[in-house]
Structure formats: C-alpha cells, structure tokens
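The C-terminal residue of the sequence shown carries number 425 in UniProt numbering, and the numbering is unbroken. Each residue gets a CB set at the ideal place from its N, CA and C atoms; glycine is no exception. Working notes, beginning with the structure itself.
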Amino acid sequence: SRPNSRDRALRERAAAVIPGGMYGHQSVGLLPDDYPQFFARAEGAHLWDVDGNRYLDFMCAYGPNLFGYANPEIDAAYVRQLGLGDTLTGPTELMVRLAEEMVALVTHADWAIFCKNGTDATSMALSTARQHTRRKTIIRAKGAYHGAATWCVNRPAGTVPSDQAHQIFCDYNDVASLEAAAALAGDDLAAIFAAPFKHDAFIDQADPDLAYARKAREICDRTGALLIVDEVRAGLRLSRDLSWSRIGVQPDLSTWGKCLANGHPISMMLGADKAKKAASQIYVTGSFWFQAAPMAAALETLRLVRDTDYLERLQTLGDRLADGLRERASAAGFGFRVSGPVQMPLFLFEDDPDLRKGFCWSSEMLNRGVYVHPWHNMFMCAAMTEGDIDAALNAAEAAFAVLKQQGPSLEPVAKMSFLTASHR
Ligand code: PMP
2 SRPNSRDRAL RERAAAVIPG GMYGHQSVGL LPDDYPQFFA RAEGAHLWDV DGNRYLDFMC
62 AYGPNLFGYA NPEIDAAYVR QLGLGDTLTG PTELMVRLAE EMVALVTHAD WAIFCKNGTD
122 ATSMALSTAR QHTRRKTIIR AKGAYHGAAT WCVNRPAGTV PSDQAHQIFC DYNDVASLEA
182 AAALAGDDLA AIFAAPFKHD AFIDQADPDL AYARKAREIC DRTGALLIVD EVRAGLRLSR
242 DLSWSRIGVQ PDLSTWGKCL ANGHPISMML GADKAKKAAS QIYVTGSFWF QAAPMAAALE
302 TLRLVRDTDY LERLQTLGDR LADGLRERAS AAGFGFRVSG PVQMPLFLFE DDPDLRKGFC
362 WSSEMLNRGV YVHPWHNMFM CAAMTEGDID AALNAAEAAF AVLKQQGPSL EPVAKMSFLT
422 ASHR
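This is the structure we're talking about:
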C-alpha cells in the first residue's frame, strides 16, 4: 500500500495543537481511513500528498480549482498584483473593473459586493433581503448547505435556538412544500434561498425542476420577498452566467465564491437594482475583503471563462467519465448511480446503506492514484485531459473488480452509522 508515515506523523502533531486535529469540510474524519489528510503540492489536475503520492483530483479543492492548480496565467496576474499591492488602506481600480465585468457576465446582476468566503456572501444576502423587505422569515430547502455561520450550520454545538429563528424549511423541487412554506411565512417572508440544483451530501443530486424554480420566482414577485440563488458551489462550472439562466429564471440576489479566482480568496454577492439600496445600508466588511491580488486573479479567471472553451470541455470530459463509469459498473454487475451535472458528479452504489461499497471502491481508486469522494459531489477542472479520464476509467474497472471480490466480506462502516433512511 501507499506510504503514509508523514501524514500519520502530522496528524499526531495536529491533534496536539489543532482542535480535533482538523475541522470542517476538508477533514477526512468521514472518509475511508486511508485517505490522506495533508498535501504538499498541486499542479493542473493533480495533487500530491505529504508522502509523495500523486492523485488525479476529482475534488478540485471542493470547487475552487476550475482551470487547474497553479494555472500559469491566473497565478501570474495574482503575483503581478502582489508586487504592486494587495491588502491596502483602500481598494484598487480592480474592484470596479471586477464589478463591471460580473455585471456584464451575469444577466440578473446590476451590482456586486465582494467578500472572502461563500458564507460571507450568503449571510450578506440574508441581511440584504431582511433590510429590503423589513421582514424576518426565510425559506430554504432541508439539507441544502449555505455555509458555516450560526444561522445556517446544521450542527447545534455552540449555537442557540434563536440563531436559526425565522426560518422555514421546504423540500427542494417540491412545489407543494414550497407553497406550504410560503403560506406559513404569511406576510413576513423576506427571502427564498435556492441552490441552483440539488447538491446535498449522501444522496443523489437532482437538476432543478422548472416548476419549482418558477414557483419560487412567483412567490417572491407576489410577496415582495427576494429570490436568492446560492451559486457558491456551482458558479461558472455549469454556465457563463448564473446557472438558472439555462432554465430562464432570474433571482434578485446571487452568491458566489469557490472558483471565482481559481482558488484565490474572493467571493461575492450580485444583485438586481431593486435590492441595491438595502445592500448599501447593511454593514458588511472585513480586513481582507478588498485585497487586490485575488481580484486580479478573478479578472484573469473571467477572461478564461469568456475566451476559452473550458465549459464545453468540462461537459465533454464529464460525459466521458459518467458514461465510462456506468458502462464499467454495469459490466461488473454493480448498480452504480452517477447523479447531477456531469461537471459536478456524485457517485453512489445501489444497496449501500452504510457506504461500505462506496468506501471500498473509493479506496481502491485512491490506491490507483485517483482521488474520488464516496458521498460528496465532485468537481471537474479544465486542466483534465481525455487521457486523465481514461486513466480514471481504467482505475475504476480494476476497483470494481476488487469490490466484486471483496464485496461479500466487507465490514460495516461504523463511522457512517449515522446515515438514516432519508439518506438512502
Ligand atoms: N453555499 C454553498 C452552496 C456551498 O457549497 C458552500 C461551501 N461548500 C458555501 C455556501 C459556503 O462557502 P464557504 O465555505 O466558502 O464559506
């Protein structure tokens, strides 16, 4: 098996000085035991762990890597701006250019506010909607992720019940449950939050239902509430516009982050004119929110978005991966579901309630130099090649064969025992 002594040593040192040894979405606590926690470097579509093992990386940093790690053009723009000035007493002209370019790119947007993390943007959207409507209640979908602030975390530790007051939950893509939530909100509805497609963990992904998206728009138009689409995860991977542009539904606010500057720290909220005044009234800021170098990187990323066929390539590569996996799974006799947009696929095995098949198969992929995730959606990047996909498919064929052999003797995955029937 792969060397892992450096990773193990770092985990031990981390446990002494970092709470839990690691935290948040990049903790490998809920991944198979052999997944590395610490990495040393990355280039293009590949990632090297601290023990020198190389992986074709289908997580892309959980989204930020869109054009390849260490993309030469984007990083050159970043480094050039670092030399001129980054965190200053005020912003540079890049902030205005970036806002102009986003407004030109995204149909619904008339203005932009920049920040650092997706959570900054979603929290700001919540405040903007409450200020705009002078109401409190928001509707959002059960199981949808909007960040790590106390209003939206799904772990109660450290929060008080009032942190999540004035929220009503509905089922994504279920028009009746959306209408029922709106009826409950009555005349206090400030906003409806929507993910651009259903991308919850542990369950199949789903495209947005047109009737659901239209109903959300209609309720907001009727009540004066704001429609917010949270593009943090999907933005720029499915479209050169907001992803709901493809179904013709425009929100009032949208939130973006992740790959906006191909991994450099910047996120944003975009909005329509009607919410501009409210957005100018809320107090939002941060010591690093006006950094110029990530803005330079974002401008270069946008240039590549406009001037290259990256989106079409992601689609082609994604189709090649999804089709190839389905073929190989079925040849090996496995029910294997690839769900969601092919640029952001999620893999789940049939009849796998505690993910023992998913864990075994993913570990076998890892052993063959392919980093996949057993229960979270993955991300394609434009630095991947047809050859990379074919290498992943060869690894998958071998991994299915091992799983077939080991299947009957696989142990239950204890750390997945929290998964309930609703996850299946
Ligand atoms: N919204 C969505 C849909 C996300 O996927 C994420 C991050 N996974 C966030 C918000 C929060 O973004 P961040 O982690 O940058 O705060």
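Query                                                                                                                             : Result
Start-to-end residues for the beta strand (DSSP E) that takes in Arg338                                                           : Phe337 to Ser340
9 Å Cβ cutoff met for Pro197 and Val161                                                                                           : no
Any chain C beta carbon closer than 9 Å to Leu237                                                                                 : Looking for chain C here will not work: only one protein chain is present.
Supposed contact pair Asn54 and Pro73 - C-beta distance, whole angstroms, cut 8 Å                                                 : Not a contact, Cβ separation roughly 24 Å.
Sequence-distant residues of the same chain with beta carbon closer than 8 Å to Glu102, five excluded per side                    : Leu300 and Leu303
Where Ala130 sits in the DSSP three-state scheme                                                                                  : helix
For Glu351, the three-state DSSP class (helix, strand or coil)                                                                    : coil
Counted within 10 angstroms of its Cβ, other Cβ atoms place Asp121 as buried (16 or more) or exposed                              : buried
Element boundaries [beta strand (DSSP E), containing Gln168]                                                                      : Gln168 to Cys171
As assigned by DSSP and simplified to three states, the class of Phe360                                                           : helix
Tyr146 CB to nearest heavy atom of the ligand PMP below 8 Å                                                                       : yes
Contacts around Asp210, its chain only, beta-carbon distance under 8 Å, and the 5 residues preceding and following it disregarded : Asn174 and Val176
Selection from Tyr24, Gln251 and Phe59 that minimises the alpha carbon distance to Ser363                                         : Phe59
The region 388-403 / the region 354-370 touching (three or more Cβ pairs under 8 Å)                                               : yes
Cβ shell of Glu44 (< 6 Å), same chain only, five flanking positions each side left out                                            : Tyr70 and Ala71
C-beta contact flag for Ala323 and Lys405 at 9 Å                                                                                  : no
6 Å CB neighbourhood of Ala384 in its chain, flanking five on each side removed                                                   : Gly45, Ala46 and Gly69
Separation of Gly325 from Ala392, as counted between CA atoms                                                                     : 11 Å
beta-carbon Ser331 near the ligand PMP non-hydrogen atom, thresh 8 Å                                                              : no
Short Cβ contact (9 Å threshold) for residue 428 with Ala110                                                                      : Residue 428 falls outside the range modelled here, since the chain spans only 2 to 425, and no answer is possible.
7 Å Cβ shell around Lys202 - same chain, five flanking residues per side excluded                                                 : The residue asked about is misnamed: residue 202 is Ala in this sequence, not Lys. Around Ala202: Trp376 and His377.
Continuous beta strand (DSSP E) stretch holding Met270: start and end                                                             : Ser268 to Gly272
Asp8: CB within 8 Å of a non-hydrogen atom of the ligand ADP                                                                      : Among the ligands modelled here, namely the ligand PMP, the ligand ADP does not occur.
Start and end residues, beta strand (DSSP E) containing Leu32                                                                     : Note, Leu32: premise wrong, no beta strand (DSSP E); not H, not E.
Exposure of Leu85, with buried meaning 16 or more beta-carbon neighbours within 10 Å                                              : exposed
Ser255: CB within 8 Å of a non-hydrogen atom of the ligand PMP                                                                    : no
Own chain, CB closer than 8 Å to Cys171, minus 5 neighbours either side, in chain order                                           : Ile140, Arg141, Ala142, Lys143, Ser178, Leu179, Ala181 and Ala182
Which residues DSSP lists as bridging Trp290, in chain order                                                                      : DSSP, once it has assigned bridges, lists no residue as partnering Trp290.
Close beta carbons around Leu349, own chain, < 6 Å, minus the five adjacent residues each side                                    : Arg338
Supposed close pair Thr88, Phe289 - CB separation, criterion 8 Å                                                                  : 6 Å
Cβ-heavy atom distance, Ser268 to the ligand PMP, below 8 Å                                                                       : yes
Cut-off 6 Å between Cβ atoms - residues of its own chain near Gln82, not counting five sequence neighbours on either side         : Ala293, Ala294 and Ala297
For Ala330 and residue 1, the rounded distance between their alpha carbons                                                        : Not covered by the structure: residue 1. The range shown for the chain is 2 to 425.
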